[in-house]
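Sequential numbering from -19 applies to the sequence shown in my numbering. See structure below.
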Amino acid sequence: MGIGEARDISSFDLVAEMGVGWNLGNSFDVTARDKTLWGNPAPSFAMVTAVKAMGFGTIRIPITWGFHQQENAPYTIEPGYLQEIETVVEHAFRNQMHVIINVHHDNDWVVPTAEAAEEAQARLASLWTQVANHFIEYNDSLIFETLNEPRLEGIPEEWSGGTAEGRGFINDFHKAAVDAIRATGGNNELRHILITT
């Protein structure tokens, strides 16, 4: 697991390998710079090893990028932040685990409205291009999840499917992310991508 060539296998077969998953929540997805802000200890090799020992085969790392990415084009992600994430990915791979990384709690800029969609789509494409390039050498044990719970906040339909217009923009966001990932080539041509609704 980890560095190496991606296999051309179905998502069905990959999911069968993944086993039970564990969510590393309230760490990289805090809405500030301090990963311990919401009460969890900082992620460590010992933590991931303990999770593996409890029988988990996959670790999902929810990630909020907004505090670590330029707000304007070219929307550069802080290299140190990518390295911190890669360290935890490596902890999981050393434990023979699969890993899912995503975009999480970035609803302040991933906004499915006519006013915000164009910039959100460009920023999301830039984000996933950078992430995909950073992890291009990693095999199919690393899965990308384009967005977590994409939605327009504060409307009556927020948790009941949203609006037709909003769903259209969300589909565009997913497509922009997938296209950006695939365009980086290498292992990302076969990268398994998780699309949420």
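Where a beta carbon is used, it is the ideal one built from N, C-alpha and C, also for glycine. Treat the numbers as computed from the prediction; the structure is a model and nothing was measured.
Let's see if you can read the secondary structure: which residues bound the beta strand (DSSP E) around residue i?
i: T38; result: T38 to I41
i: L122; result: L122 to E125
Run the CB neighbour count on residue i, radius 10 Å, all protein chains shown included, and call it buried at 16 or more, exposed below.
i: A157; result: buried
i: L17; result: exposed
i: T177; result: exposed
i: I81; result: buried
i: W45; result: buried
Are the CB atoms of residue i and residue j nearer to each other than 8 Å?
i: D(-12); j: L170; result: yes
i: H78; j: F25; result: no
i: N6; j: G19; result: yes
i: D159; j: A(-14); result: no
On the premise that residue j lies in contact with residue i, defined as a C-beta separation below 8 Å, what is that separation, rounded to the nearest angstrom?
i: V83; j: L122; result: Incorrect: roughly 15 Å between the Cβ atoms, too far for contact.
i: A100; j: F153; result: 7 Å
i: P130; j: P92; result: 7 Å
i: H114; j: S(-9); result: H114 to S(-9), Cβ: 22 Å. No contact.
i: I65; j: F124; result: At roughly 12 Å, the Cβ-Cβ gap does not stay under 8 Å, so I65 and F124 are not in contact.
i: A53; j: A97; result: In fact, because the Cβ distance is near 15 Å, the residues do not count as touching under 8 Å.
i: T11; j: H85; result: 6 Å
i: L132; j: G142; result: 6 Å
Using only CA atoms, which one of the options lies nearest to residue i?
i: T164; options: G141, I116 and G146; result: I116
i: P42; options: M(-2), P54, E133 and F8; result: F8
i: E36; options: G134, W108, G1 and S106; result: Rather than Glu, the amino acid found at residue 36 in this sequence is Phe. Out of G134, W108, G1 and S106, G1 has the C-alpha closest to the C-alpha of F36.
i: I146; options: V31, V90 and Q110; result: The question names Ile, yet the displayed sequence has Gly at residue 146. Ranking the options by Cα distance to G146, first place goes to V90.
Looking at the unbroken alpha helix (DSSP H) that takes in residue i, where does it start and where does it end?
i: V28; result: F25 to A33
i: I150; result: A144 to A163
i: W108; result: A97 to H114
i: H71; result: P59 to R74
i: V(-5); result: S(-9) to M(-2)
Is there at least one non-hydrogen atom of the ligand GTP closer than 7 Å to the beta-carbon of residue i?
i: T126; result: Absence of the ligand GTP is noted for the structure shown, with no ligands found whatsoever.
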